[in-house]
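Report on the following structure.
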Amino acid sequence: MRALIQLDREDIQREIPYELIATVRFSHLWDTRKRKDLWLEMFDEKERKAAHVMFNKARLWYLVKGAPDEETMSLKTLKLWQKLGKFCSIV
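Numbering (the numbering used here), first residue to last: 16 to 106.
This is how it looks when you write it as structure tokens:
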């Protein structure tokens, strides 16, 4: 059984670094050899696949619609969002 958590807009803005993720993923910073190597090192295949959905959601929230009023996700998904944020903060 998967435990789900519900985040309101404030929780999303506080807990999910979607602005950073969208900014880095869709910029020239993403296409460096160092980042590509680190991406393969830090994330397994399942996480990389899930992250592609998150990249698009981050872009949508940041550039198109804004954070939703509420979002339901598993704790595992929240942890992946946070891991992506840490990864994107690496220069």
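Every residue gets a Cβ at the ideal spot worked out from N, C-alpha and C, and that includes glycine. The structure displayed is predicted, hence computed values, not measured ones.
Quick check on this structure: which residue in the options has the alpha carbon closest to the alpha carbon of residue i?
i, options, result
"glutamine 28", "Glu85, Ile105, Leu90", "Glu85"
"alanine 25", "Ser89, Gly81, Lys101, Lys91", "According to the sequence provided, residue 25 is glutamate. The question's alanine does not apply to it. Selected option, being the one with the closest Cα: Gly81."
"leucine 66", "Leu99, Ile20, Leu55", "Sequence check: residue 66 is alanine here, not leucine. Measuring from the Cα of alanine 66, the nearest candidate turns out to be Leu99."
"valine 79", "Gln21, Ala37, Glu56, Leu22", "Ala37"
"aspartate 23", "Leu44, Met88, Lys51, Arg50", "Met88"
Does DSSP put residue i in a helix, a strand or coil?
i, result
"serine 42", "coil"
"threonine 87", "strand"
"isoleucine 20", "strand"
Applying the criterion that 16 or more other CB atoms from any shown protein chain within 10 Å of the CB defines a buried residue, is residue i buried or exposed?
i, result
"arginine 40", "buried"
"leucine 90", "exposed"
"leucine 55", "exposed"
With residue i and residue j assumed to form a contact (beta carbons below 8 Å), what rounded beta-carbon distance in angstroms separates them?
i, j, result
"glutamate 62", "leucine 19", "Rounded, the Cβ-Cβ distance is 19 Å, inconsistent with contact."
* Touching by the beta-carbon criterion (3+ pairs, under 8 Å), the segment 59-78 and the segment 20-38 -> yes
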